[in-house]
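A quick write-up on the structure given underneath.
Number of protein chains: 2
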Amino acid sequence: MSNPYQETWSRFSEFLSEKGLRMTDQRKSIVGALFSQDAHFTADDLLKDAQKLDETVSRATLYRSLPLLVESGIIRMVDVGQDNKFYALNSQSENFKAQVICSDCNRIEDIDAPFMEWYGKSVSEKLGLKVKDQRLQVQAECPDFRKSGKCSKES
Amino acid sequence: MSNPYQETWSRFSEFLSEKGLRMTDQRKSIVGALFSQDAHFTADDLLKDAQKLDETVSRATLYRSLPLLVESGIIRMVDVGQDNKFYALNSQSENFKAQVICSDCNRIEDIDAPFMEWYGKSVSEKLGLKVKDQRLQVQAECPDFRKSGKCSKES
DNA sequence: GTGCTTGCAAAGACTTTGCAAACTT
DNA sequence: AAGTTTGCAAAGTCTTTGCAAGCAC
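Top to bottom, those sequences are chains S and C. Count the first sequence with this note's numbering and you get residues 1 to 155, in order. Count the second sequence with this note's numbering and you get residues 156 to 310, in order.
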């Protein structure tokens with residue numbers, strides 16, 4: 001139960017059976033592949049790794065699983081206003097994260113910004129809005145880029 | 156010059172000629188159509204209105220113009236992590252805006268959040284990052300939805 | 001005239017869906 | 001057995017691109 005994979009797996013199982021859905025081999029592999037991902041991954045990244053665990057996982061199944069993983073709270077969408085959609089594993093820590101996106105290499109880093117959360121909430125609630133989710137995105141040049149004109153970690 | 160269309164048009168003209176590009180009828184119509192847009196619009200919204208002004212504006216031309224409009228600073232991309240990309244006219248006011256997205260009807264509202272800007276900047280610069288752009292996105296239920304379970308303005 | 005622009009249609013990238021077979025419960 | 005899930009392939013959606021004709025400068 002302290003194993004993050006176990007924990008996630010049983011959480012997903014539970015979610016599925018509550019909705020009358022089933023845990024299949026393919027879904028197991030997809031959950032397993034979550035743990036070999038970087039902090040931010042694309043649908044395609046996840047598919048490739050899921051197929052390493054079980055080559056019968058098809059693209060269709062992966063795309064059918066993503067909404068379930070999001071709805072169950074296991075992952076979240078991280079849209080960075082670039083071309084691709086990214087996803088990220090929801091960590092246990094409930095700290096509000098700001099996403100810092102390097103404008104050169106598109107690398108994404110999460111930084112803690114707990115104060116942000118408070119601020120966004122208080123502004124929104126003054127307007128009568130009930131906040132469900134919020135994110136701060138910062139586009140910036142990373143230190144590597146500023147020094148050398150190029151990101152050392154460029155993909 | 157006080158006319159926002161005039162102002163925008165000449166700004167775009169200038170931008171184009173600096174880059175050795177040309178002002179065409181189609182580009183004029185696209186700029187004209189910017190002013191019949193809501194605060195946030197899609198490529199398709201803009202195309203439809205540009206075609207009302209000049210039916211010869213093609214989808215290809217619209218898509219070829221968008222990057223130019225962004226690069227010239229006339230519009231900006233507003234990615235809300237939903238399915239579509241949105242664009243918005245850059246207003247003269249340089250106030251930092253937070254985007255509040257109604258999770259029911261997907262309507263987007265901008266609210267001023269000048270303090271946010273300061274905070275995001277100060278956090279990022281502590282990390283050695285040079286901020287180029289930032290945005291706060293808040294997903295929330297709007298007041299209509301909370302009262303009636305449905306957005307009055309639902310599209 | 002030079003070479004940027006255009007519309008068209010085809011191609012791309014990514015995601016969704018219909019269907020019959022297979023599998024979970 | 002009942003009903004969900006699967007892979008496949010086709011279809012969708014949105015955006016980009018090659019090309020030859022047209023237009024701005």
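Backbone N, C-alpha and C fix where the C-beta goes; we use that ideal spot for every residue, glycine too. Since the structure is predicted, the reported quantities are computational estimates derived from the model, not experimental observations.
Original post:
Taking Cβ to Cβ, would you say I30 of chain S is nearer than 9 Å to S72 of chain S?
Top reply: Not in contact: I30 of chain S and S72 of chain S (Cβ atoms no closer than 9 Å).
Subject >> DSSP three-state assignment for R135 of chain S, whether helix, strand or coil >> reply: Looking at R135 of chain S - three-state DSSP - the assignment turns out to be strand.
Original post:
For N245 of chain C, which residues from the same chain have a beta carbon less than 8 Å from its beta carbon, with the 5 sequence-adjacent residues on both sides left out?
Top reply: Excluding residues within five positions, the ones whose Cβ falls inside 8 Å are G228, I229, I230, R231.
Original post:
Does the Cβ-Cβ distance between S191 of chain C and D204 of chain C come in under 9 Å?
Top reply: Yes, these two residues count as a Cβ contact at 9 Å.
**OP:** Check whether the Cβ atoms of L136 of chain S and Q161 of chain C sit closer than 9 Å, and answer yes or no.
**Re:** Result no, Cβ atoms of L136 of chain S and Q161 of chain C do not sit closer than 9 Å.
**OP:** Take T56 of chain S as the anchor and find which of S:G20, S:S13, S:R27, S:F15 has the nearest alpha-carbon.
**Re:** Of the candidates S:G20, S:S13, S:R27, S:F15, the one whose C-alpha sits nearest the C-alpha of T56 of chain S is S:R27.
Original post:
Just reading off the alpha helix (DSSP H) that L69 of chain S is part of, what are its end residues?
Top reply: In the DSSP annotation of this structure, the continuous segment of the alpha helix (DSSP H) that includes L69 of chain S starts and ends at 59-71.
Original post:
For the putative contact between K240 of chain C and A198 of chain C, defined by C-beta atoms under 8 Å, what is the C-beta separation to the nearest angstrom?
Top reply: Beta-carbon to beta-carbon, K240 of chain C and A198 of chain C are separated by about 7 Å, close enough to satisfy the 8 Å threshold.
**OP:** Please say whether A140 of chain S and A88 of chain S have beta carbons closer to each other than 9 Å?
**Re:** Contact: no.
**OP:** Return the CA-CA distance between L46 of chain S and D180 of chain C, expressed in angstroms with no decimal places.
**Re:** Roughly 46 Å between the two C-alpha positions.
Subject >> Contacting residues, own chain, Cβ-Cβ under 6 Å from W9 of chain S (five flanking each side not counted) >> reply: These residues qualify, in order along the chain: V31.
**OP:** Name the two residues that bound the continuous alpha helix (DSSP H) containing A88 of chain S.
**Re:** It is not in any alpha helix (DSSP H) - A88 of chain S instead sits in the beta strand (DSSP E) that spans 85-89.
**OP:** Helix, strand or coil for I30 of chain S, going by three-state DSSP, please let me know.
**Re:** Helix.
Original post:
Taking Cβ to Cβ, would you say L68 of chain S is nearer than 9 Å to L21 of chain S?
Top reply: In contact: L68 of chain S and L21 of chain S (Cβ atoms closer than 9 Å).
Subject >> Straight-line Cα distance separating V225 of chain C from E264 of chain C >> reply: Taking the straight line from one Cα to the other gives about 20 Å.
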